[in-house]
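Below you'll find the structure, written out as structure tokens, and then a few comments.
Numbering (the working numbering), first residue to last: 11 to 156.
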């Protein structure tokens, strides 16, 4: 029996590329977060040197907003990633069901082919018996005439 080779479907490949894209976006978001945290640390150092409380609080507020935005983006990406993983799991189950159905159909096809061969063999035997009976009939007919 032919061995099945699994090739990812176009939809699965698109999902995989989308997952990879989300991972890259997550890495960029993480790098941005680290950069913002470093900038926040630097801003805190400068704020200690700078007596201007207004500048310090504005930078801190800006950093906190950016950090909150990054956290929201990270959460969205994580949720999207989980949804995609669930879809991939569903597709894997669907593929397994289709493969099982294909296997069953192939087995049924094999049984039908075996039945067809048996019928052909029986047909040949019946044809042979018919031919023999016709020959016997013709011989008996000649004997009764002769």
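Even glycine gets a Cβ: it sits at the ideal position worked out from N, Cα and C.
Nearest-angstrom Cα distance between residue 45 and residue 52? Rounded to whole angstroms, residue 45 to residue 52 spans 10 Å at the Cα level.
How long is the line joining the alpha carbons of residue 49 and residue 73, rounded to whole angstroms? Going by the C-alpha atoms only, they are around 8 Å apart.
Does DSSP put residue 147 in a helix, a strand or coil? Helix.
Looking only at its own chain, which residues have a Cβ that is under 6 Å from the Cβ of residue 36, when we skip the five neighbours before and after it? Same-chain partners within the cutoff: 87.
Judging by CA-CA distance, which residue of 82, 90, 145, 102 is the nearest neighbour of residue 16? Nearest option by C-alpha distance: 102.
Classify residue 148 as buried or exposed, calling it buried when 16 or more other Cβ atoms lie within 10 Å of its own Cβ. Answer is exposed; the Cβ neighbour count stays below 16.
Tell me the DSSP secondary structure of residue 11 in three-state form. Note that residue 11 has pLDDT 47, beneath the 50 cutoff, so the model's placement of it is unreliable and the number below is only indicative. Note: residue 11 maps to coil in three-state DSSP.
Straight-line Cα distance separating residue 22 from residue 118: For residue 118 and residue 22, the distance between alpha carbons rounds to 30 Å.
Whether or not the segment 68-85 and the segment 110-117 are in contact is what I'm after, with contact meaning three or more pairs of Cβ atoms, one per stretch, closer than 8 Å; do they touch? With contact defined as three or more Cβ pairs closer than 8 Å, the segment 110-117 and the segment 68-85 are not in contact.
For residue 80, does the count of other Cβ atoms within 10 angstroms reach 16, so buried, or fall short, so exposed? Flag for residue 80 reads buried.
So which of 89, 39, 144 has the shortest CA-CA distance to residue 77? Checked all of 89, 39, 144; the closest Cα to residue 77 is 39.
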